[in-house]
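Engineer: My questions all concern the structure below.
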Amino acid sequence: LMGKLAAACDLKVPGYSDQGFSLADVERFRKGGGELSSMIGSCQRCLIYMGDLERYRALYLFDGSPDWTAAEGHYITASRLTPEAGNPHNQIAVLCTYKTDDLAGVYRY
130 LMGKLAAACD LKVPGYSDQG FSLADVERFR KGGGELSSMI GSCQRCLIYM
180 GDLERYRALY LFDGSPDWTA AEGHYITASR LTPEAGNPHN QIAVLCTYKT
230 DDLAGVYRY
């Protein structure tokens, strides 16, 4: 699904395509409604789930200091696909609590 969205919209979604990424394109397709808009919503949810899995892996399988980079990357990409959605920002705030970055956590909540 991520690859189809990236190809259909000529987007670069990290790890899924090597096309150019444009937030203006995402906005245009989201406002267009229909199938592409549904695909963007589905991809946003998938990115959240993948970020959660990366977060759990970093939390429970770390040796030393956990690396939250992969999880944060998925959450940030999800927030770019649907900037008005609160869930990606909430998940980034959860990461901030792990990193003890209270100011960023408050900003994201």
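Residue numbers for the sequence shown follow the working numbering, beginning at 130 and rising by one.
From the three backbone atoms N, C-alpha and C, an ideal C-beta is built for every residue, glycine too.
Go through its chain and collect everything with a Cβ distance to GLN173's Cβ below 6 Å, but skip five positions before and after it.
Structural biologist: Counting from one through the sequence shown, the residue named residue 173 turns up at place 44. Once the five neighbours on either side are set aside, the close Cβ partners of GLN173 are ALA207, LEU210, THR211.
Engineer: DSSP on GLU201, reduced to helix/strand/coil?
Structural biologist: For this step, residue 201 is matched to residue 72 along the sequence shown. DSSP places GLU201 in helix when its eight states are reduced to three.
Engineer: Sorted by chain position, which residues of the same chain lie with C-beta nearer than 8 Å to ASP181's C-beta, five sequence neighbours on each side aside?
Structural biologist: As a position in the sequence shown, residue 181 is number 52, starting the count at 1. ALA200, GLN220, listed in sequence order.
Engineer: What are the boundary residues of the alpha helix (DSSP H) that includes ALA222?
Structural biologist: By one-based count along the sequence shown, residue 222 stands at place 93. First-last of the alpha helix (DSSP H) with ALA222: 216 to 227.
Engineer: Under three-state DSSP, which class holds ASP192?
Structural biologist: The residue you call residue 192 lines up with position 63 of the sequence shown. It is coil, neither helix nor strand.
Engineer: Considering only residues of the same chain and omitting the five flanking positions on each side of LEU224, which have a CB-CB separation below 8 Å?
Structural biologist: For this step, residue 224 is matched to residue 95 along the sequence shown. Around LEU224: ARG184, TRP197, ALA200, GLU201, TYR204.
Engineer: Please name the residue, chosen from THR229, PRO217, SER194, LYS228, that lies closest to CYS175 on a Cα-to-Cα basis.
Structural biologist: The sequence position of residue 175 within the sequence shown is 46, counting from 1. Of THR229, PRO217, SER194, LYS228, the residue nearest in Cα terms is PRO217.
Engineer: Could you name the residues of the same chain whose beta carbon sits closer than 8 Å to that of ALA187, not counting the 5 residues immediately before and after it, in chain order?
Structural biologist: Looking up residue 187 in the sequence shown gives position 58. Closer than 8 Å at Cβ, skipping near neighbours: PRO195, ASP196, TRP197, ALA199, ALA200.
Engineer: Figure out for me which residue from ALA214, ASP192, PHE191 has the closest Cα to the Cα of SER171.
Structural biologist: Counting from 1 along the sequence shown, the entry for residue 171 is found at position 42. Per the Cα distances, ALA214.
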